[in-house]
Amino acid sequence: MKSFMLSLGLLIVLITGVFLLLPPAPNAAAKTDFQDGNVRMTVLSNEKIAERMKMSTFTLTLTDLEGNPIEKADLKVILQMPNMLCGNIPTDIVESKPGTYLISGIPVMQGSWEAQVSLRLPDKLIHLNHPFTTH
Ligand SMILES: [Cu+2]
8 MKSFMLSLGL LIVLITGVFL LLPPAPNAAA KTDFQDGNVR MTVLSNEKIA
58 ERMKMSTFTL TLTDLEGNPI EKADLKVILQ MPNMLCGNIP TDIVESKPGT
108 YLISGIPVMQ GSWEAQVSLR LPDKLIHLNH PFTTH
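Spelled out as structure tokens, the structure:
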């Protein structure tokens, strides 16, 4: 019995060690794509590993189906933890070149997040969730 407990203890130490040695997982999805009958949208995580309480940035590209950039889009983006009540984190959005938007915000907690994009077009509202993880 004593040696069993010892082996069990050793096993726990080993498993813990493996978890500690593992590198942090990269962002759940570094890139999220969307397409419908009118537009094509891509959201990209710019940092390989996002960290809580640090600025995270995302690049959103928006074109029509022929690939022409859509400028001055009516975009809103918030950062939110799904299944948690820790609020909506606002973001800044800057159109860095025609149809390319740089989004920045500070995820405040460690865990699973989504950059929730709302794009208002003349005839509809499009939602796209870009998942990412903070460490
Ligand atoms: Cu939270």
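Read in the numbering used here, the sequence shown has 94 at position 87, and its numbers run on one by one without any break.
The beta carbon of each residue, even a glycine, is placed where N, CA and C say it ideally should be.
- Looking only at R47, V46, F65 and D81, the smallest Cα-Cα distance to P138 is reached by F65.
- Among the bridge pairs identified by DSSP, Q123 is matched with I85 and N136.
- Bridge pairing for P129: absent [DSSP].
- In this structure, DSSP gives Q42 an extended state, which the three-state scheme calls strand.
- The closest heavy atom of ligand 1 lies 7 Å or more from the beta carbon of M60.
- Distances between the C-beta of M48 and the heavy atoms of ligand 1 are all 7 Å or more.
- Taking C-beta atoms under 8 Å as the contact rule, Q123 and I85 qualify, at a distance of about 5 Å.
- Per the CB criterion, closer than 5 Å to any heavy atom of ligand 1, the qualifying residues run in chain order as M88, M91, C93 and M116.
- Judged by pairs of C-beta atoms under 8 Å, the region 58-72 touches the region 102-111, as three or more such pairs exist.
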